[in-house]
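The structure appears below as structure tokens.
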Amino acid sequence: NHTYMKYTNVYSKNSSPVLYHLLAFFVAAVWGVSFVSTSKLLDAGIQPTEIYIIRFVIAYLVILALTFRKIMSDSLKDEVLFMICGLCGGSIYYIGENTALQYTLVTNVSLLVTLSPIITVLLTKMMYKTEQLSKGFIVGSIIAFIGVACVIFNSSFNIEVKPLGDLLSIFAAVSFAIYCIVVKKLNARYDTLFISRKIFFYGVITALPFLTFQDHFMDFAILKEPVVWMHILFLGVVCSMLAFILWNEAINKLGASRASNYLYFSPVITLIASVWLLNENVSIVGYIGCALTIGGVIVSEKVKFK
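Just add 420 to wherever you are in the sequence shown, counting from 1, and you've got my numbering.
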């Protein structure tokens, strides 16, 4: 851990801010592609909660091999904060999002979950007076959100109000916003690898009770299929372990609000991946949405903090 902290300090001083913007974009892109892998595993018969637990267990075991000397945090208060991160950025967010799909339309869930960056901005402004945002940042966020709506409604403008699923989607968005804010506090006292490992641990522990709500469990025979393991490893190593490490580092350097704005790119990447890997069609509305999303993020990045 001491060696890693020393490396991180040198790395941070010599690194351009552009690098952290690229990291945030890369994570958003990876999380956008992850929907395709998750869809493949669901089709294979693995339950949503099982997919989440498997990917986080893999991420935890890999990162544990890198940071095994320090197990506990420095105080009970910090341990509670880590548990909150595991809940909000892990089990509550992922399971809430997956459960919402059972009660409402996919378009509703996708649109409401992307409220997370805006919620992050609002919560950050209320909690940290030093991180006040200009009008340009807010306008850029709104433009990006409209673009996301166009991407989501690419194939259909049919939207229905189904309270339970919609409320779960909003709850998931609020949950991830809280995670982004809390993890920023921990970044000041712990290195990124340690933070990510603790989040994976509490994410798995807090997800186990949700298994009791399943009607049935997966057939372990499907784990013999190479294609299933390919998607599992992609979700566990790339989308969970690597992505969370890079995301926490981006939050540490850019701030929770600015980093979270890159989440608007996820639906765009999902749209591109679905065309390339699933042969889905893209309408003119989808292309307009991609342009608005990218334009909105560019506008928001012209903001200067007061």
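Backbone N, C-alpha and C fix where the C-beta goes; we use that ideal spot for every residue, glycine too.
Counting C-beta atoms within 10 angstroms of its own C-beta, Trp451 has 16 or more neighbours from the protein chains shown and is therefore classed as buried. Membership of Ile473 in the alpha helix (DSSP H) is indicated by the continuous run Pro468 to Leu484.
Nearest neighbour of Val594 by Cα position, chosen from Ser454, Glu517, Phe664 and Phe446, turns out to be Glu517.
Look at Gly716 here: in three-state DSSP terms it is helix. A residue is called buried once 16 or more other Cβ atoms fall within 10 Å of its Cβ, and Ile665 is buried on that count. By the criterion of a C-beta distance shorter than 6 angstroms, His651 is surrounded in its chain by Ser457, Lys460 and Leu461, once the five residues flanking it on both sides are discounted. With contact defined as three or more Cβ pairs closer than 8 angstroms, the region 646–662 and the region 460–480 are in contact.
In the structure shown, Thr690 adopts helical secondary structure according to DSSP, grouped into three states. Taking C-beta atoms as the reference points, Tyr523 and Gly465 fail to come closer than 8 angstroms.
Straight across, the Cα-Cα distance linking Cys505 with Ile619 is about 6 angstroms. For Ala663, the uninterrupted alpha helix (DSSP H) run begins and ends at Ala663 to Leu674, by DSSP. In the displayed model, Ala564 falls within a helix according to three-state DSSP. Ile704 counts as exposed, since fewer than 16 other C-beta atoms from the protein chains shown sit within 10 angstroms of its C-beta. When DSSP states are grouped into helix, strand and coil, Glu499 belongs to the helix group. Between Ile473 and Ala627, the C-beta spacing is below 8 angstroms.
Contact annotation: Tyr622 and Met503 have beta-carbon atoms nearer than 8 angstroms. Membership of Val624 in the alpha helix (DSSP H) is indicated by the continuous run Thr612 to Ile625.
Taking every protein chain shown into account, the CB of Lys604 has 16 or more other CB atoms within 10 angstroms, so this residue is buried. The Cβ neighbour count for Thr519, taken over all protein chains shown within 10 Å, is at least 16; the residue is labelled buried. The beta carbon of Ser561 sits closer than 7 angstroms to those of Pro537, Ile538, Val541, Asn681, Gly716 and Ser720, all from its chain and outside the five residues before and after it, given in chain order. Between Leu631 and Thr469, the C-beta spacing is below 8 angstroms.
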